[in-house]
Each structure stands twice: as structure tokens, then as C-alpha cells.
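K.L.:
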Amino acid sequence: ILNVEQSPQSLHVQEGDSTNFTCSFPSSNFYALHWYRWETAKSPEALFVMTLNGDEKKKGRISATLNTKEGYSYLYIKGSQPEDSATYLCASINTDKLIFGTGTRLQVFP
Amino acid sequence: ETGVTQSPTHLIKTRGQQVTLRCSSQSGHNTVSWYQQALGQGPQFIFQYYREEENGRGNFPPRFSGLQFPNYSSELNVNALELDDSALYLCASSRSSGANVLTFGAGSRLTVL
Chain A
2 ILNVEQSPQS LHVQEGDSTN FTCSFPSSNF YALHWYRWET AKSPEALFVM TLNGDEKKKG
62 RISATLNTKE GYSYLYIKGS QPEDSATYLC ASINTDKLIF GTGTRLQVFP
Chain B
988 ETGVTQSPTH LIKTRGQQVT LRCSSQSGHN TVSWYQQALG QGPQFIFQYY REEENGRGNF
1048 PPRFSGLQFP NYSSELNVNA LELDDSALYL CASSRSSGAN VLTFGAGSRL TVL
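Chains as they are written, first to last, in the numbering used here: chain A, 2 to 111; chain B, 988 to 1100.
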């Protein structure tokens, strides 16, 4: 994989549902993986920075895992709320560049 | 602690013109990166400045240039604007290059007619 890819592109869930999405990145020359949350008309906000294979990080109802050998990270949201509606971006640092995926747009309906 | 501020928030230019976008970094941050986000794309890395010197560049032509000032604020200049330069330009600061988390501004939306 030469690019950072995220799936799905968009996701619609009901309030209370748990959801997850994927970020795939080049496994060679891996340095770090970032997750950002970007609400409409606001700035992207950092969720997690992960560097070690097997890393798991948690922030409230949101958690993420990292597999650097196979080049993927999962982001999980437990019990989605309408305020979780946003675009979730991942970005990988390989050698010296931070390369972003195109994001997963999550919409949570009440 | 002030965040990253960008100006202007919106602007409209015509083909061939030049534009300067400005960014003030978060207090305590010495590295600034610029990204271009075109419609339907993820942010594309333009370049990064660390201690007033360019410290990495993406696949953008030389008409995209930048500066970083002693107070770590930064400018992005684009010459000879083309229609495809229409995009949201995001600035992000961090404590240094590497794995450090980025603090983003809200972006400058450029429309080229």
C-alpha cells in the first residue's frame, strides 16, 4: 500500500450503536499513526498518536488499535451519540511525511 | 494557550493572481505544516517549516512557497494561481517534527475563478 486508505467512506448509525472503521497505511518505514476528529466548520482535533505495534488507546467512548506489521488501525466508538458526528481522519508518518487518508464521515442519528 | 489561527478565512482570486495565506502557531510550538484539501480528498502535505527553514516538502510545484518567522508564525504563498488551486488550506503547528500531534487552524478557503 503506497497511500493511506480509510474505509468506509461514510457511515450512518443510530444513536446508541457501536461502530468501527479502518485505516490502512504503508507498513514499511512506519513511524507513527495519528487519528483526528473533524467536525464541520471547525478545526481537526487530535484523538490519538500511536507508535508501537499492538498499541491500544482510549479516550472516553472512543478507542483505537494499531497493527504496524500488517499496516492497519481500527477506531471504535461505543454507544455512538449525535455529537460524535464528524469526519475521522487518520494519518501515517512513513520516513518523514505525514500522509492523510480521505477520512470516514460518520453521521449519528438520534 | 492560544490555538492556531489562520487568515483570511475565505478569499476569491482569479487565475494568474498571487495569494498569501497566514498562520499563527500555537504558543510553545516551533513547527508549522501546510496542507491542501481539495473537495473529496484528504489533506495533502505541502511543506513544513521548522525554526524558519523548510523541513520537508510534498509534491507541489515551486509556485507554492512559504516562510516562517522568528515568532514561528508562517505564510503560504501561491503564485500564478490555477483553477485547481481552489481548496481549503490548513495550517497545523506542533512542538517539533516527528510523531508530535498537530494542532490545526480552521483553514483558509481559496476559490480561484
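Glycine included, C-beta positions come from ideal geometry on N, C-alpha and C. Owing to the predicted nature of the structure, the values given are computational and were not obtained by experimental measurement.
#1: With a threshold of 8 Å between beta-carbons, can Phe1032(B) be considered close to chain E, or not?
#2: Considering only their Cβ atoms, is the gap separating Cys91(A) from Gln7(A) smaller than 8 Å?
#3: Check whether chain A comes within 8 Å of Gly1015(B), counting only Cβ atoms and requiring the distance to be less than that.
#4: Are there 16 or more other CB atoms within 10 angstroms of the CB of Phe110(A), so buried, or fewer, so exposed?
#5: According to DSSP, is Ile2(A) part of a helix, a strand, or is it coil?
#6: Is the number of C-beta pairs between the stretch 1070-1084 of chain B and the stretch 1022-1036 of chain B that are closer than 8 Å three or more?
#7: Please state if the CB of Ser74(A) and the CB of Ala87(A) are separated by a distance shorter than 8 Å.
#8: Classify Glu57(A) as helix, strand or coil using the three-state DSSP reduction.
#9: Would you call Pro1049(B) buried or exposed, if buried means 16 or more other Cβ atoms sit within 10 Å of its Cβ?
#10: Could you tell me which of Ala42(A), Gly104(A), Leu99(A), Gln82(A) sits nearest to Ser19(A), measuring between CA atoms?
#11: On the three-pair Cβ rule with 8 Å, is the stretch 26-46 of chain A touching the stretch 996-1014 of chain B?
#12: If you measure beta-carbon to beta-carbon, which residues of the stretch 1063-1092 of chain B are closer than 7 Å to chain A?
#13: Where Ser22(A) and Leu1070(B) are concerned, what is the direct C-alpha to C-alpha distance, given to the nearest angstrom?
#14: For Gln993(B) versus Ser1083(B), is the C-beta spacing smaller than 8 Å?
#15: Using a Cβ-Cβ cutoff of 8 Å, what residues of the stretch 33-59 of chain A are near chain B? List them in chain order.
#16: For Asn1087(B), which residues from the same chain have a beta carbon less than 8 Å from its beta carbon, with the 5 sequence-adjacent residues on both sides left out?
#17: Can Thr1090(B) and Gly990(B) be called in contact, C-beta distance under 8 Å?
#18: I need the boundaries of the beta strand (DSSP E) containing Leu1035(B), first residue and last residue.
#19: What is the rounded straight-line gap between the Cα of Tyr1059(B) and the Cα of Gln1035(B)?
#20: Give the secondary structure of Glu1040(B) by DSSP, where H, G and I count as helix, E and B as strand, and everything else as coil.
#21: Classify Ile2(A) as buried or exposed, calling it buried when 16 or more other Cβ atoms lie within 10 Å of its own Cβ.
#22: Taking C-beta to C-beta, are Ala1166(B) and Thr996(B) nearer than 8 Å?
#23: Compile a chain-ordered list of the residues in the stretch 1000-1011 of chain B whose CB is closer than 8 Å to at least one CB of chain A.
P.N.:
Quick answer:
#1: As a matter of chain content, chain E is missing from the structure shown, whose protein chains are A and B.
#2: Against the first sequence, residue 7(A) aligns to sequence position 6. Against the first sequence, residue 91(A) aligns to sequence position 90. Yes, the pair counts as a contact, with Cβ atoms nearer than the cut-off.
#3: Locating residue 1015(B) in the second sequence gives position 28, counting from the first residue. Closer than 8 Å to the CB of Gly1015(B) there is not a single CB belonging to chain A.
#4: The residue you call residue 110(A) lines up with position 109 of the first sequence. Phe110(A) comes out exposed.
#5: One-based indexing of the first sequence puts residue 2(A) at position 1. Residue placement at Ile2(A) is flagged as unreliable, the pLDDT there being 49, under the threshold of 50; the coordinate-derived value follows with that caveat. In this structure, Ile2(A) counts as coil in the three-state DSSP scheme.
#6: yes
#7: In the first sequence, residue 87(A) corresponds to position 86, counting from 1. In the first sequence, residue 74(A) corresponds to position 73, counting from 1. Contact: no.
#8: Taking the first sequence and counting its residues from 1, one reaches residue 57(A) at position 56. Glu57(A): strand per DSSP, three-state reduction.
#9: Reading the second sequence from its first residue, position 62 is the one you call residue 1049(B). Exposed: under 16 other Cβ atoms inside 10 Å.
#10: For the purposes of this step, residue 19(A) is identified with residue 18 of the first sequence, where counting begins at 1. Of all alpha-carbon atoms in Ala42(A), Gly104(A), Leu99(A), Gln82(A), the one lying nearest the alpha-carbon of Ser19(A) is that of Gln82(A).
#11: Counting Cβ pairs under 8 Å, fewer than three are found: no touch.
#12: Ala1086, Val1088, Leu1089, Phe1091, Gly1092
#13: If you number the first sequence from 1, residue 22(A) lands on position 21. If you number the second sequence from 1, residue 1070(B) lands on position 83. It should be noted that the sequence gives Phe, not Ser, for residue 22(A). Distance between the alpha carbons of Phe22(A) and Leu1070(B): 34 Å.
#14: Residue 993(B) sits at position 6 when you count from the first residue of the second sequence. Residue 1083(B) sits at position 96 when you count from the first residue of the second sequence. Not in contact: Gln993(B) and Ser1083(B) (Cβ atoms no closer than 8 Å).
#15: Ala33, His35, Tyr37, Ala42, Lys43, Ser44, Pro45, Glu46, Ala47, Val50, Thr52
#16: The residue labelled residue 1087(B) in the question sits at position 100 within the second sequence. So the qualifying residues of the chain are Thr1018, Ser1081.
#17: Within the second sequence, numbered from 1, the residue matching residue 1090(B) stands at position 103. Within the second sequence, numbered from 1, the residue matching residue 990(B) stands at position 3. A contact, by the Cβ cut-off of 8 Å.
#18: As a working mapping, residue 1035(B) is identified with position 48 in the second sequence. Per the sequence presented here, residue 1035(B) reads as Gln, with Leu not at that position. Taken as a continuous stretch (DSSP letters only), the beta strand (DSSP E) holding Gln1035(B) covers 1031-1037.
#19: By one-based count along the second sequence, residue 1059(B) stands at place 72. By one-based count along the second sequence, residue 1035(B) stands at place 48. Cα-Cα distance, rounded: 12 Å.
#20: Taking the second sequence and counting its residues from 1, the one referred to as residue 1040(B) is at position 53. DSSP places Glu1040(B) in strand when its eight states are reduced to three.
#21: Translated into positions along the first sequence, residue 2(A) becomes position 1. The predicted position of Ile2(A) is uncertain, since its pLDDT is 49 and thus under 50; no value can be drawn from it.
#22: Here chain B has residues from 988 to 1100 only, and residue 1166(B) is not among them.
#23: none
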